[in-house]
Amino acid sequence: MNSTDSGAMPPPTGLPVQATMFQRKVQKMLDQTAPYPTPRWGVTGALLVLYCIRVFLAQGWYIVTYALGIYLLNLFLAFLTPKFDPATEDSLDNAGPEEDGPGLPTKTNDEFRPFIRRLPEFKFWMSATRAIGLSIFCSMFRFFDVPVFWPILLMYFIILFTMTMRRQIRHMIKHKYVPWNFGKKKYSGAKSESK
Numbered sequence: 508m509n510s511t512d513s514g515a516m517p518p519p520t521g522l523p524v525q526a527t528m529f530q531r532k533v534q535k536m537l538d539q540t541a542p543y544p545t546p547r548w549g550v551t552g553a554l555l556v557l558y559c560i561r562v563f564l565a566q567g568w569y570i571v572t573y574a575l576g577i578y579l580l581n582l583f584l585a586f587l588t589p590k591f592d593p594a595t596e597d598s599l600d601n602a603g604p605e606e607d608g609p610g611l612p613t614k615t616n617d618e619f620r621p622f623i624r625r626l627p628e629f630k631f632w633m634s635a636t637r638a639i640g641l642s643i644f645c646s647m648f649r650f651f652d653v654p655v656f657w658p659i660l661l662m663y664f665i666i667l668f669t670m671t672m673r674r675q676i677r678h679m680i681k682h683k684y685v686p687w688n689f690g691k692k693k694y695s696g697a698k699s700e701s702k
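According to my numbering, the sequence shown is numbered sequentially starting from 508.
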């Protein structure tokens, strides 16, 4: 054996290293935007408005717009839904302790349980922004401009939105949870009084 050949692999170079460095830079940039939800959603809203203006002026890409609307509705429902569904927990509570052994209190009056979302806000924003960006990209190609009668798609989307939101609101009322944190008290430390 050669003394220079120690059997160790040389460090990777080229495209994989560049891709990893790019991913790290993007992740760092995303992590820096995490504490600023209002500007993030402002940029996403501006992208959505630009896309809607493009679709309106070009009079096309209604299928892409419909798919975007359905996807955003799905994301919004996941954002409103609790991570642990109270309906399934109620059925587990009725099963009795003899089936799954002793455990922690599970009734709502036994302990405080905060609302934990199925889809956190940051992931909701990230997925929505990616979807809008992809829709803008798709609207650059005539291949995705499938001729359809758009009023039917709009009517179907409105019906679907109404039915799913009605079901979600009933679920929220039945299980007494509120996915919003507006109006809740915010506590802060003692403020120093210096003049």
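Glycine is no exception: its CB is placed at the ideal position from the N, C-alpha and C atoms.
Query: Mind checking which residues open and close the alpha helix (DSSP H) that includes K681?; Result: W657 to H682
Query: With 16 as the cutoff for other CB atoms within 10 Å, does G549 come out buried or exposed?; Result: exposed
Query: If contacts are defined as beta-carbon pairs under 8 Å, then R624 and F586 qualify, I think. What distance do you get, rounded to the angstrom?; Result: 6 Å
Query: Taking all protein chains shown into account, do 16 or more other C-beta atoms lie within 10 angstroms of the C-beta of Y558, making it buried, or fewer, making it exposed?; Result: buried
Query: Measuring only the C-alpha atoms, how far is F668 from K532?; Result: 37 Å
Query: Run the proximity test for I639: is its beta-carbon closer than 8 Å to any non-hydrogen atom belonging to the ligand COA?; Result: The model on display carries no ligand, and the ligand COA is accordingly not part of it.
Query: With a threshold of 8 Å on Cβ separation, who are the neighbours of A541 within its own chain once the five nearest residues in sequence on each side are excluded?; Result: F629
Query: Between I680 and chain D, is there a C-beta pair that is closer than 9 Å?; Result: Annotation note: the requested chain D is absent from the structure, which comprises a single protein chain.
Query: Helix, strand or coil for V653 per DSSP?; Result: coil
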